[in-house]
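Colleague: Supplied in C-alpha cells, the structure appears directly below.
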Amino acid sequence: MNKVTKIAIFTITFVVLVVASYASLVLYMTWPVTEFSIDKAAGFGDSFGVITSVFSGLAFAGVIWTVLSQREELDITRNELRTQGFDTSFFQMLRLHNEILNSIDLIKRNSNGTSDTSRGRDCFVTFRARLKNQYMGVAREQSDNSEIDRIVIAYNKFWEDGNNELGHYFRFLFNLYRFIDESDGVDKKFYSNVVRSQLSDQELFVLFYNCLTPQGSKFMKYAIKYELFDNMKRSGLISLSHENLVDRKVFGERP
C-alpha cells in the first residue's frame, strides 16, 4: 500500500467519523423529536453548515496537497530518467574504453626473424618495464636532479615511444572520469569504483607516474577525489619513496 492510498483511506475514515459524530451529537441534543415539519428539517440541515465549511477547507487543502504530491512524484520520475540516461552513457563509454584497450598491440621483432605480438592489457606489462628502465637510466645519468625531475624526464622519454599506443587510451580514460565527476544526481563514488575495478596493476602503475607529470596533473585531481590508487600494490612502484610524492588521499588514506 503506497503513501497516497494510505492518506486517502485515512481521509475518508476521518470524514465519515466526523459526520457520524456530529450527526449523533445533534440527534442526542434534539431527541426526542416531538414535531416533524419543513421548518424543523431545514433547521436540522442548517446545523451542518459549519461542518460543511470545514470540509470545503479540507477539500481545498486536499487539492493543494495533490498538486504538491504530483510535483514531488514528477521530480522523482525526472531523477530516475536522468539516472537511467547516465547509466546508458556510462556503460557505453566503459565498453568503448575496453575496446580502445583491446585495440592496443605491440610487436616485438626477434633476432631470428620471428615476431611476438602483445595485445590489450598484456601490453601494459611491457609499458611498465619500459618506464622502469627509462627511470633507471635517468637516475644513473642525472643523479643531481630531484626525484620528481627524474621521474618527469624518464616519463617523457617513455612517452615519446609509447604515445601512439597510449594517447587515445589516457585521453578517453580521463574523459570517462570527467563525465562521472560532472554528472549530477548519481553515486559518483560507486561509478568511479566500477572504472577502477577494470584497471590492472600495470595500468595503475603507468597511470600513477603519468599523474606525477605536468601532462597528467589534470588527472591527479580525479585520482585524489576518487582514491584511484587505494588498491594498487605500492610495493610495485619503482621506489617506495615515490608514494610520498603524492597526496595520501590517492591511496584512500587521510592525513
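In the working numbering, the protein residues as written are 760 to 1014. In this text, a Cβ means the ideal position worked out from N, Cα and C, and glycines have one as well.
I need the straight-line Cα distance from residue 877 to residue 976, nearest angstrom please.
Modeller: Cα to Cα, the separation comes out at about 29 Å.
Colleague: Please go through the same chain and pick out, in chain order, the residues whose beta-carbon is closer than 8 Å to the beta-carbon of residue 863, but skip the five residues on each side of it.
Modeller: Once the five neighbours on either side are set aside, the close Cβ partners of residue 863 are 878, 879, 882, 924, 925 and 928.
Colleague: Any contact of the stretch 976-993 with the stretch 951-968, i.e. 3+ C-beta pairs under 8 Å?
Modeller: Enough Cβ pairs lie closer than 8 Å, so yes.
Colleague: With DSSP run on the structure shown, which of helix, strand or coil describes residue 971?
Modeller: Residue state, collapsed to three classes: coil.
Colleague: Nearest-angstrom Cα distance between residue 1017 and residue 850?
Modeller: Look at the range of the chain in this structure, 760 to 1014, and you will see that residue 1017 is not part of it.
Colleague: Grab the span of the alpha helix (DSSP H) containing residue 980 for me, first residue to last.
Modeller: That run of the alpha helix (DSSP H) goes 976-984.
Colleague: Quick check on residue 958: does DSSP put it in helix, strand or coil?
Modeller: Coil, per DSSP.
Colleague: By the three-class DSSP mapping on this structure, what secondary structure does residue 867 have?
Modeller: The answer is strand: DSSP assigns residue 867 an E or B state.
Colleague: Taking the CB atoms as reference points, tell me whether residue 893 and residue 917 lie closer together than 8 Å.
Modeller: Yes, they are a contact pair.
Colleague: Taking the alpha carbon of residue 952 as the point to measure from, which residue in 901, 844, 987 and 898 has its own alpha carbon closest?
Modeller: When only C-alpha atoms are compared, the closest one is 987.
Colleague: Looking at C-alpha atoms only, which residue of 903, 902, 897 and 866 is the closest neighbour of residue 885?
Modeller: Out of 903, 902, 897 and 866, 866 has the C-alpha closest to the C-alpha of residue 885.
Colleague: Given residue 940, which residues of its chain have a CB within under 6 Å of its CB, disregarding the five upstream and five downstream residues?
Modeller: Closer than 6 Å at the Cβ level, and outside the excluded window around residue 940, lies no residue.
Colleague: Which whole-angstrom value describes the C-beta separation of residue 968 and residue 910, a residue pair presumed to lie in contact below a C-beta threshold of 8 Å?
Modeller: Residue 968 to residue 910, Cβ: 6 Å. Contact.
Colleague: What are the boundary residues of the alpha helix (DSSP H) that includes residue 930?
Modeller: From DSSP, the alpha helix (DSSP H) with residue 930 extends over 906-940.
Colleague: Using the Cα positions of residue 840 and residue 869, report the straight-line distance between them to the nearest angstrom.
Modeller: Its pLDDT being 48, under 50, residue 840 is placed unreliably by the model, and the measurement read from it follows with that caveat. Computed Cα separation, rounded: 55 Å.
Colleague: Let me know if residue 847 comes out buried or exposed under the rule of 16 or more other beta-carbons within 10 Å of its beta-carbon.
Modeller: Classification of residue 847: exposed, given that the 10 Å Cβ count is below 16.
Colleague: Which first and last residues belong to the beta strand (DSSP E) in which residue 878 is found?
Modeller: Residue 878 -> beta strand (DSSP E) spans 874-878.
Colleague: Under DSSP, the alpha helix (DSSP H) around residue 1003 begins and ends at which residues?
Modeller: Unbroken run through residue 1003: none, as it is neither H nor E.
Colleague: Within the same chain, show all residues whose beta-carbon is closer than 6 Å to that of residue 861, passing over the 5 residues directly before and after it, in chain order.
Modeller: So the qualifying residues of the chain are 879.
Colleague: Between which two residues does the alpha helix (DSSP H) carrying residue 890 extend?
Modeller: Residue 890 -> alpha helix (DSSP H) spans 882-900.
Colleague: When you compare the CB positions of residue 971 and residue 907, do they come within less than 8 Å of one another, or not?
Modeller: In contact: residue 971 and residue 907 (Cβ atoms closer than 8 Å).
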